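Participant:
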Amino acid sequence: MSLFKARDWWSTILGEKEEFDQGCLCVADVDNSGRDKIIVGSYMGYLRIFNPHPVKPGDGGQPEDLLLEVQLREPILQVEVGKFVSGTEGLHLAVLHCRKLCVYAVSETLGNVEHGNQYQIKLMYEHNLQRTACNMTYGPFGGVKGRDLICIQSMDGMLMLFEQESYAFGRFLPGFLLPGPLTYSSRTDSFITVSSCRQVESYKYQVLAFATDADERQETDQAKLGSGKRLVVDWVLNLGEQALDICVVSFNQTVSSVFVLGERNFFCLKDNGQIRFMKKLDYSPSCFIPYCSVKEGTINTLIGNHSKMLNVYQDVTLKWAAQLPHIPVSVKVANLQDLKGVVVTLSDTGHLQCSYLGTDPSLFQAPRVESRELNQEEFDAEMKELQKIIKEATKTQDILPKSEKNRDVIVTAEVSPSLDVESQAIDSEVKAEAVPSVTVKITIQSRVTAKKANLEVCVQAPLAVTCEQFIFDDLEPDSSETVVVSVFLKSNFSPSEFEGNCVLSYSTPTELFPEGILKAAQCNFSLPLRLICSPAQPSKAANHKITIDTNKPPISFLTIFPDFVDPSEEDQANVLGFQFLSGSKATLLASKTSQRYRIQSDQLEDLWLITKELRHRLEEHFKKQNCKDFTCTFSGSIPLQEYFELIDRHFELRLNEEKLQELLSQRAAQFRAIERRLLTRFKDKTPAPLQHLDTLLEGTFREVIALADAAVENQANIFQAFTKLKSATHLVIMLISLWQKLSADQVAILEATFLPLAEDTKEMGWEETVDAAISYLLRTCLSKSSKEQALSLSSQLCMPKDTSRLKKNITLFCDRLAKGGRLSLSTDSATQQAAVMPGGCATIPESDLEERTVMLCSTAMFPHHGQITKQKSKPVLRALPQFFECLETQFPSVKVGAELILYHDQLVADIVLWLTAGKASLEKELHYT
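Under this note's numbering, think of the first position of the sequence shown as 82, with each following residue one higher.
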């Protein structure tokens, strides 16, 4: 913050909730009285003219300072003062609207009462614009004397020139995309602007006058050639950044400068576009104005920034910095009440201030602290109370705060128990005859005033809702709103999740924040299984089968699946068929003799939703009967090979995406190269044969379109494959949790490991993310030895070449869990080791053979546990046959000796290598399985 503040000479607040911008401020002698006035226009259409008088700081403007206030019908984009009326050299006011240009005469009428003189405006003429205006500039175009012409830039890049009361002509800027700041240089008689290519471009007025008329752009090429010349730029300078404002300064007839304010730099250019100097700014500027300097050969510049600072530069040297009470969007220098050099600033909210630079620092003095005697007993009692509060707060380890019992806004969602009689599906891609839909009724109950309420209804694709977003007016206290949406299946494959949620964002005003504090309320809802499948005939044969064991007798499907079973058909009590809308089938069977349920289908991913629904309905059934000991288990093998096929399919589509992107980039580069060749041929004054470049261009264009269509289709296939992969992953997680009887925290770790991404992206894919997560668990809580814990993981995730490492890690992960490993995210090594094996074992051996072999190796080869040196190498080698014999004796059923004989030579070579390297002990270093 600057030590010196801008001295407040006069200030006022304009209107309420009005908006202002760069062109809304002008300082000029608009009434031709010889004194500057401040003219301000707003986007709300208000035009105000002020004649400030000095007041005491903090008093604000006086009523008589406002000379005129009138509301026009349209927003005011820019106000300028110049010689805009023919037949007189008096100054008039030009007001630019979106579709209109109005020129007014401001006059003063002497008053006969004590209220003073009266000001009024008179419309001299107006021009209705055919295009939406952006900004304007004025000046003696073409070197005319005694009058100013006006040039308006439209939003589509047309320069419209007006010779006072009449329209002259219009020209389109070449290569136009977005409008930029515009100014006029009277010394070179040229218009200077900054294009969307971040280049400063200068166009001569004479070139504009003789160029092709803008009204003839739609004519044929032959007509264009006969109507005028092409619009050619005079000079171009590449800035490399977007410009905020541009200004031409000419304080004498010999030298003029073009000042450009960029987003991070400040440029001063010569008439021919050469850089005179530039200044790199270490802040974000908002506005600027150059003005005459007291030192000859230099120019002063005022630059305002978004830190509420006003910096004064003499060329590139910072001379002064003052603090403003607001962020200026426009700054001017005026002569008011015989005071020269008054700085006039305007903020976007209407804070208008006239200030001057001074040395009146605002220093903060801390108040004196009243001394009082300390009461140690009160301090001790307060400390005990605070410690008690801290102790109670640290008992719970919840990161998120607990929800309040009485919420300000409550959102509830009620799903209809039956499907819609008339389906509400819109643009569904499902190939089934009828696509069902279900109604969800959402109710919002507000106990306080809720502003800007916005409700969003989200479901997992390929499910869709008829309306995703609702915008409400301000919700009054003790009021309620109800909306109804329908959910249906949009794409021709099943979703991985059947839950949806409603999120309501709103703001509640308070005394400190009258605009409101942003809050949110949400609720979840579950959709019925009938939305994606219907009853069908059971199928006996299936490619994929899983069996779920329970500790209770099987329940009839008439009881737990009443919406899928006809009560009159008793043969469906133990078998049930499901027909998915995507075309596949699934079958659910209940054993009559054992406590088992079998789910089977031709697609692995289709087993997930049926298995999940079965488990959920069984738990709800036994909960209603107050049975608390119901459990489900899984004793079969995890279908990893089928799961790996889905992983390979998804990864193959990702590889295809990279190939298509590379081919598309190559064809696009080829297309641009052919375009450049053709453009060069067309620009040549002596026509040359095209040499089939047009045919090559057309063929390349077709290839680009075909590759783009293939990329879009592949992206849709990737999303479908990822959805199927998520369904299979959910199934694998459930089977592992039932198989190992994992707790809720361990299941959460498992879900975070295998389902880290809600959406698969090119930058971060599912394969590399899951591989990194599993590798972390294998090196921490599931580590086999301390050496694995010491291995470091890569800090960068990149797309792998294949899925072999991922599939190997998943297999090893399941193997470690089968051998007693337990999932834990504790960083303490002691805690990790305790969690790995019950009984305090430190590592997880790959098999029983591993532990016993290590022990045999130590006993047979090193019976005395002594240090081995070069002199003892021969006894060690002679002990190898005894070592193999011991293995064969301990494991008669396994041909250990025959397997290890193959590694006999390598074992001897390794022992000799360790001995020659000077290793003192082989017992702790050498382990062979």
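Glycine is no exception: its CB is placed at the ideal position from the N, C-alpha and C atoms.
As the structure is a computational prediction, the values presented were derived from the model and not from experiment.
Name the DSSP beta bridge partners of N319, please?
Facilitator: Along the sequence shown, read from residue 1 onward, the residue named residue 319 stands at position 238. N319 pairs with Q280.
Participant: Are G658 and P619 close, meaning C-beta to C-beta below 7 angstroms?
Facilitator: For this step, residue 658 is matched to residue 577 along the sequence shown. For this step, residue 619 is matched to residue 538 along the sequence shown. Against a cut-off of 7 angstroms, the Cβ pair of P619 and G658 comes out as a contact.
Participant: Relative to the alpha-carbon of S247, which residue among E189, C278, L182 and L736 has its alpha-carbon at the smallest distance?
Facilitator: The residue labelled residue 247 in the question sits at position 166 within the sequence shown. The option with the nearest alpha carbon to S247 is L182.
Participant: Exposed or buried, what is E466 when buried is set at 16 or more other beta-carbons lying within 10 Å of its beta-carbon?
Facilitator: For the purposes of this step, residue 466 is identified with residue 385 of the sequence shown, where counting begins at 1. Flag for E466 reads exposed.
Participant: Using three-state DSSP, classify P144 as helix, strand or coil.
Facilitator: By one-based count along the sequence shown, residue 144 stands at place 63. Here P144 sits in helix by DSSP.
Participant: For L433 and Q199, what's the separation of their Cα atoms in angstroms?
Facilitator: Along the sequence shown, read from residue 1 onward, the residue named residue 433 stands at position 352. Along the sequence shown, read from residue 1 onward, the residue named residue 199 stands at position 118. C-alpha separation (whole angstroms): 22 angstroms.
Participant: Pick out whichever of E537, S428 and N707 has its Cα sitting closest to the Cα of V584.
Facilitator: To locate residue 584, count along the sequence shown from 1; it is residue 503. Selected option, being the one with the closest Cα: E537.
Participant: How big is the Cα-Cα spacing for Q801 and S675?
Facilitator: Translated into positions along the sequence shown, residue 801 becomes position 720. Translated into positions along the sequence shown, residue 675 becomes position 594. Separation of Q801 and S675 (C-alpha to C-alpha, rounded to the nearest whole angstrom) is 37 angstroms.
Participant: Rounded C-beta distance between A671 and F638? I'm assuming under 8 angstroms.
Facilitator: Your numbering for residue 671 matches position 590 in the sequence shown. Your numbering for residue 638 matches position 557 in the sequence shown. Sure, about 7 angstroms apart at Cβ, within 8 angstroms.
Participant: So A494 packs on I523, CB below 8 angstroms; how close in whole Å?
Facilitator: Your numbering for residue 494 matches position 413 in the sequence shown. Your numbering for residue 523 matches position 442 in the sequence shown. Yes, A494 and I523 are in contact; Cβ-Cβ is about 5 angstroms, under 8 angstroms.
Participant: Are the CB atoms of H173 and V160 within a distance shorter than 7 angstroms?
Facilitator: As a first step, residue 160 must be located in the sequence shown, where it is residue number 79. As a first step, residue 173 must be located in the sequence shown, where it is residue number 92. Cβ atoms of V160 and H173: not closer than 7 angstroms.
Participant: Taking the Cβ atom as the reference point for each residue, do N416 and D117 lie within a distance shorter than 7 angstroms?
Facilitator: The count along the sequence shown starts at 1 and reaches residue 416 at position 335. The count along the sequence shown starts at 1 and reaches residue 117 at position 36. A contact, by the Cβ cut-off of 7 angstroms.
Participant: At what residues does the alpha helix (DSSP H) containing Q801 begin and finish?
Facilitator: On the sequence shown, residue 801 is found 720 positions in, with the first residue counted as 1. L774 to Q821 is the extent of the alpha helix (DSSP H) around Q801.
Participant: Which partner residues does C373 have in the DSSP bridge list?
Facilitator: Stepping through the sequence shown from its first residue, residue 373 is reached at position 292. DSSP output for C373 lists I380 as bridge partner(s).
Participant: Looking at the unbroken alpha helix (DSSP H) that takes in R860, where does it start and where does it end?
Facilitator: Residue 860 sits at position 779 when you count from the first residue of the sequence shown. Judged by DSSP secondary structure, R860 falls within the alpha helix (DSSP H) whose first and last residues are W847 to R860.
Participant: Within 8 angstroms, do at least three Cβ pairs link the stretch 732-743 to the stretch 769-784?
Facilitator: Contact fails between the stretch 769-784 and the stretch 732-743, because fewer than three Cβ pairs, one in each stretch, are under 8 angstroms apart.
Participant: Are the beta-carbon atoms of R252 and L240 separated by less than 7 angstroms?
Facilitator: By 1-based counting over the sequence shown, the position of residue 252 is 171. By 1-based counting over the sequence shown, the position of residue 240 is 159. Yes.
Participant: Please say whether P366 and I384 have beta carbons closer to each other than 7 angstroms?
Facilitator: Counted from its first residue, the sequence shown places residue 384 at position 303. Counted from its first residue, the sequence shown places residue 366 at position 285. Yes, the Cβ-Cβ distance between I384 and P366 is below 7 angstroms.
Participant: Going by beta carbon distance, what residues of the same chain come within less than 6 angstroms of G163, once the five residues before and after it are set aside?
Facilitator: Here the question's residue 163 lines up with position 82 in the sequence shown. Closer than 6 angstroms at Cβ, skipping near neighbours: Y219 and D229.
Participant: What ranges does the beta strand (DSSP E) occupy inside the stretch 648-709, keeping only unbroken runs of at least 3 residues that lie completely in it?
Facilitator: Those beta strand (DSSP E) runs which fall completely within the stretch 648-709 and span 3+ residues are 656-661, 666-671 and 677-682.
Participant: Quick check on this structure: which residue in F732, N216 and L106 has the alpha carbon closest to the alpha carbon of M880?
Facilitator: Working through the sequence shown from its first residue, we reach residue 880 at position 799. Looking at the Cα atoms, F732 is the closest of the given residues.
Participant: Identify, in the order they occur along the chain, each residue of the same chain with its Cβ nearer than 7 angstroms to the Cβ of L836, setting aside the five sequence neighbours on each side.
Facilitator: The residue labelled residue 836 in the question sits at position 755 within the sequence shown. Cβ within range, chain order: K807 and T810.
Participant: Going straight from the alpha carbon of T842 to that of I627, what length do you get?
Facilitator: Start at 1 with the first residue of the sequence shown, and residue 842 comes out as number 761. Start at 1 with the first residue of the sequence shown, and residue 627 comes out as number 546. Between the C-alpha atoms of T842 and I627 there is a straight-line separation of about 32 angstroms.
Participant: S561 and Q603: beta carbons closer than 7 angstroms?
Facilitator: Against the sequence shown, residue 561 aligns to sequence position 480. Against the sequence shown, residue 603 aligns to sequence position 522. For S561 and Q603, no; Cβs fall outside 7 angstroms.
Participant: Taking D1014 as the reference, which of K532, L148, A545 and V519 has the closest Cα?
Facilitator: Outside the displayed span of the chain (82 to 1010) sits residue 1014, for which this structure offers no information.
Participant: Alpha carbons only, please: which of K226, P221 and F291 is nearest the one belonging to F250?
Facilitator: Residue numbering aside, residue 250 sits at position 169 when the sequence shown is read from its first letter. The option with the nearest alpha carbon to F250 is F291.
Participant: Rounded to whole angstroms, what's the CA-CA distance from R933 to S864? Just pull it up for me.
Facilitator: Position 852 of the sequence shown, counted from the start, is the residue given in the question as residue 933. Position 783 of the sequence shown, counted from the start, is the residue given in the question as residue 864. Low local confidence applies: a pLDDT of 39 at R933 is under 50, so the model's placement there is unreliable, and no value is given.
Participant: Would you call the CB atoms of N386 and Y364 closer than 7 angstroms?
Facilitator: As a working mapping, residue 386 is identified with position 305 in the sequence shown. As a working mapping, residue 364 is identified with position 283 in the sequence shown. Yes, the Cβ-Cβ distance between N386 and Y364 is below 7 angstroms.
Participant: Need the endpoints of the beta strand (DSSP E) that N582 sits in, please.
Facilitator: Indexing the sequence shown from 1 puts residue 582 at position 501. Segment E580 to T589, the beta strand (DSSP E) holding N582.
Participant: Under three-state DSSP, which class holds S885?
Facilitator: Within the sequence shown, the letter at position 804 stands for residue 885. Helix.
Participant: Have a look at C105, F222 and F131 and flag the residue whose alpha-carbon is nearest the alpha-carbon of A175.
Facilitator: Translated into positions along the sequence shown, residue 175 becomes position 94. Minimum Cα distance to A175 is reached at C105.
Participant: Can you tell me whether E244 is helix, strand or coil according to DSSP?
Facilitator: As a first step, residue 244 must be located in the sequence shown, where it is residue number 163. DSSP places E244 in strand when its eight states are reduced to three.
Participant: What does DSSP give as the partner residues of E537 in its beta bridges?
Facilitator: Numbered from its first residue, the sequence shown carries residue 537 at position 456. Q550 and V584, per the DSSP bridge assignment.
Participant: Run the CB neighbour count on V50, radius 10 Å, all protein chains shown included, and call it buried at 16 or more, exposed below.
Facilitator: The requested residue 50 does not occur in the structure, where the chain is confined to residues 82 to 1010.
Participant: Secondary structure at K421, three-state DSSP: helix, strand or coil?
Facilitator: By one-based count along the sequence shown, residue 421 stands at place 340. DSSP, reduced to helix, strand and coil, places K421 within a strand of the structure shown.
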